[in-house]
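Below is one structure, written out as structure tokens; comments come after it.
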Amino acid sequence: MKRHIEGDGFQLELETRRNFLRAYVHGGSDSFEVSLSYWTLLGEACRQFGARRLLVVEDLVPWRASEEDFQRLMEAMRRTGLDQVQVGFTSLQTPIDVNEMGVIVGMEQGMWNRLFSNERDAELWLGLGSLPGER
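For the sequence shown, numbering that gives the first Met the number 0 begins at 0 and goes up steadily by one.
As structure tokens, then:
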């Protein structure tokens, strides 16, 4: 199943894979508002499709978030239920160190997120281990 969503400042392509939902976010510049919007949509999509594993491939012009921005984003993600989803994330434009703080903040808040330098490694990780709540 494939689905296209026109977001405010971005496009979101959703595709169900064998054991996870793949999301490709593209077509704009990242910002707090854009990130909040697409993560909210991803939480809704995971609930709708019953996905417990999510691969996010972000292809947006980079934005350097502060620790406070990441705190607010993780709180919003928890409210959408993404704390119950194993999330693998990779960015095609943003250097990996820019997003490391988000993973640290997420882990502190009980999220099961991991940052990858490429999509293949994220796919492999999503295929391994137990899901949140089964640990």
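All residues carry an ideal CB built from backbone N, CA and C; glycine is no exception.
In this text, all values refer to a predicted model and were calculated from it rather than measured experimentally.
Practice item. Look at the alpha carbon of GLU14 and the alpha carbon of ALA50, and state the distance between them as a whole number of angstroms. Key: In a straight line, the C-alpha of GLU14 is about 11 Å away from that of ALA50.
- Would you mind listing the alpha helix (DSSP H) stretches within the region 27-101 that are 4+ residues and don't spill past its ends, in chain order? 31-48, 66-78
Suppose you measure from the CA of ASP96 to the CA of ARG113; what does that come to, to the nearest Å? 13 Å
Any idea which residues DSSP pairs LEU125 with across the strands?
Its beta-bridge partners do not exist; DSSP assigns none.
So, do the region 24-33 and the region 42-61 have three or more beta carbon pairs nearer to each other than 8 Å? In short, these stretches touch, since the Cβ pair count reaches three.
### DSSP bridge partner residues for ARG17 (one or two, in chain order)
None, per the DSSP bridge assignment.
Whole-Å CB distance - GLU32 paired with THR79, under 8 Å assumed
In fact, because the Cβ distance is near 16 Å, the residues do not count as touching under 8 Å.
What residues in its chain sit with their C-beta under 6 Å from that of VAL101, if we drop five residues either side in the sequence?
-> Note on identity: in this sequence residue 101 is Gly, with Val being the wrong assignment. The residues are PHE69.
- Message: Check for me: the beta strand (DSSP E) holding ASN112 runs from which residue to which?
- Response: 111-115
Q.
Considering only the alpha carbon of each residue, which of LEU35, ASN18, ARG2 lies closest to GLY8?
A. LEU35
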